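The block underneath contains the structure these notes are about, expressed in structure tokens.
Chains as they are written, first to last, in the numbering used here: chain A, 1 to 254; chain B, 1 to 254.
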């Protein structure tokens, strides 16, 4: 008898950004798996088992949840932001592909959520208001040369770029190197928006120019959006500036 | 006396994907502006004025809402999906920049939401599980040559690509032309996911290979995700296939 696995997007952090469908999927689960800090956001329910894991154990965590579901349980896997954006959904699919045939019979669903770049963009105005890319700067799972190639391609073609996983203790130099690449393709005045802990305690949103962006502090809880050459900053007296990328591109810009 | 304007993401369509923050912002508004079909999703409240507009009137609609807020009202502007992704937030920012100085004093907020590509990706598995781009195929606001250049750059650098506004009555050929460009950079077997009316009545999700993608029907209510060369399709007996893009890229792939 095969059970169910729901991979659930918890949004950026506040309860007000968890969708009703996500909350319902969590409430219906017999067991919940996930990275400890995300699991702590799930409201407690009597009789529901909790299985916190380390952040780097994605495939092991996915396998454990699939095994429980294959045994007949109703299981939820929590994910920060949206599960499909640099989060747990791909790890679960990968585990299904390479796991026992029975796992392909599990009732697997993904509950989407508000991913970090959308929460940050909302705070800033609309920096992703036109064509954009999302790139993870982690080189744990891909070569750094590929990250650089993608950054150059994206900025060169006029995309705004959202940077996930910009910095960690083990990866201290990647964000600065990414800014170096982007400066090769973009004006120094291009707006860069930093969002630390958006929709959580200690939220901080900072706007800088690309030329000075390397001096802005960033950590694992930071998402960074680098505008395109078209991105605008609108100053407002007594309020934070609005940063937005216009919806239209003039014929001459190509 | 200056009021407030909240630009509110309604998600892809079902009430279960509207965040509590978005619902609260709508409930608090004296007046709600937006494209008619999105406005119809807002629960009725006595005393709340509704101002439906045509879908093409984005700047006019933004100005009307800002004018009402500048007069002291608490105003909400509804947007499909996430307001920051090919939706109303950029139009509102643009109207602020080019409008009366008083509009810069309005308490402007954006409530993020689940944008179409995330809702579709969740249905399919995790096709956006690694670096990806979002591109609007509408050439109402930018030259088609630029769309083609961005498609080629994105696919050539190994991004999965989400296509917004793929087809409309006035733009019948753009999606086919986009597939032609993408076929120049990607294997014919690259998975393509079509989502029509995801999370609404009549939802249909279709998986095709890039070589045959032009034959799949698509319309204004469709979002399309084109995988990268690394994107996988996992067949499941009695269930729809899982489509996902692995989190890791081998050194040899660069």
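C-beta: ideal position from N, C-alpha, C; glycine also.
Note that the structure is predicted; figures quoted are calculated from it, not measured.
So with CB distances below 7 angstroms, who are the chain A contacts of residue 21/B? 16, 17
Rounded straight-line distance, which links the Cα of residue 240/A to that of residue 72/B: 20 angstroms
Could you work out which residues of chain B lie near residue 111/A, taking near to mean beta carbons separated by less than 7 angstroms? 122
From the beta carbon of residue 237/A, is the nearest beta carbon of chain B less than 8 angstroms away? yes
Kindly provide the ranges of any beta strand (DSSP E) runs that are 3 or more residues long and lie completely inside the segment 191-254 of chain B, ordered along the chain. 191-196, 204-209, 222-226, 232-236, 239-244
Shorter than 8 angstroms from the beta carbon of residue 74/B to some beta carbon of chain A? no
Closer than 8 angstroms, CB to CB, is residue 194/A near chain B or not? no
Consider the Cβ of residue 254/B: report whether some Cβ of chain A lies at a distance smaller than 8 angstroms. Residue placement at residue 254/B cannot be trusted, given a pLDDT of 48 that sits under 50; the coordinates are not used to answer.
Just list the alpha helix (DSSP H) runs in the segment 131-172 of chain B, keeping only unbroken ones of 4 residues or longer that don't cross its boundaries, in chain order. 144-156
Per DSSP, the bridge partner or partners of residue 108/B: 5/B
Would you mind sorting residue 248/A into buried or exposed? The rule is 16 or more other CB atoms within 10 Å of its CB. exposed
Could you tell me whether any Cβ in chain A is nearer than 8 angstroms to the Cβ of residue 6/B? no
Whole angstroms is fine: what's the gap from residue 254/A's alpha carbon to residue 227/B's? Its pLDDT being 48, under 50, residue 254/A is placed unreliably in this model, and the value from its coordinates should be taken loosely. Cα to Cα, residue 254/A sits roughly 26 angstroms from residue 227/B.
Residue 13/A CB to nearest chain B CB: under 8 angstroms? no
Could you list which residues in chain A have their beta carbon closer than 9 angstroms to that of residue 191/B, in chain order? Simply none; closest approach about 12 angstroms.
Closer than 8 angstroms is the cut-off here; do at least three beta carbon pairs connect the segment 50-64 of chain B with the segment 17-27 of chain B? no
6 angstroms CB neighbourhood of residue 211/A in its chain, flanking five on each side removed: 188
Does the distance from the C-beta atom of residue 127/B to that of residue 243/B stay below 8 angstroms? yes
How do the segment 207-221 of chain A and the segment 1-19 of chain B stand: do at least 3 beta-carbon pairs fall below 8 angstroms, yes or no? no
For residue 184/B, return the contacting residues in chain A, with the cut-off set at a CB-CB distance below 9 angstroms. Within chain A, no residue comes near residue 184/B; the closest Cβ sits about 15 angstroms away, beyond 9 angstroms.
Under 8 angstroms between the Cβ atoms of residue 119/B and residue 112/A? yes
Under 7 angstroms from the C-beta of residue 97/B: neighbouring residues of chain A: 232, 234
In the DSSP assignment, find the unbroken alpha helix (DSSP H) run with residue 37/A in it and report its ends. 36-39
Measure the C-alpha to C-alpha separation of residue 33/A and residue 134/A and round it to an integer number of angstroms. 26 angstroms
In whole angstroms, what separates the C-alpha of residue 192/B from that of residue 207/B? 6 angstroms
Should residue 98/B be labelled buried (16 or more other beta-carbon atoms within 10 Å of its own) or exposed? exposed
According to DSSP, is residue 31/A helix, strand or coil? strand
Please decide whether residue 90/B counts as near chain A, where near means a Cβ-Cβ distance under 8 angstroms. yes
DSSP three-state assignment for residue 62/B, whether helix, strand or coil: helix
Between 61/B, 130/B, 200/B, which lies nearest to residue 232/B when the distance is taken from Cα to Cα? 130/B
Select from 180/B, 175/B, 67/B the residue whose C-alpha is nearest the C-alpha of residue 103/B. 67/B
Would you tell me roughly how many angstroms separate the C-alpha atoms of residue 19/A and residue 215/A, rounded to the nearest one? 36 angstroms
Looking only at C-alpha atoms, which of 70/B, 59/B, 74/B, 10/B sits nearest to residue 43/B? 10/B
If I follow the unbroken alpha helix (DSSP H) through residue 117/B, where does it start and stop? 116-124
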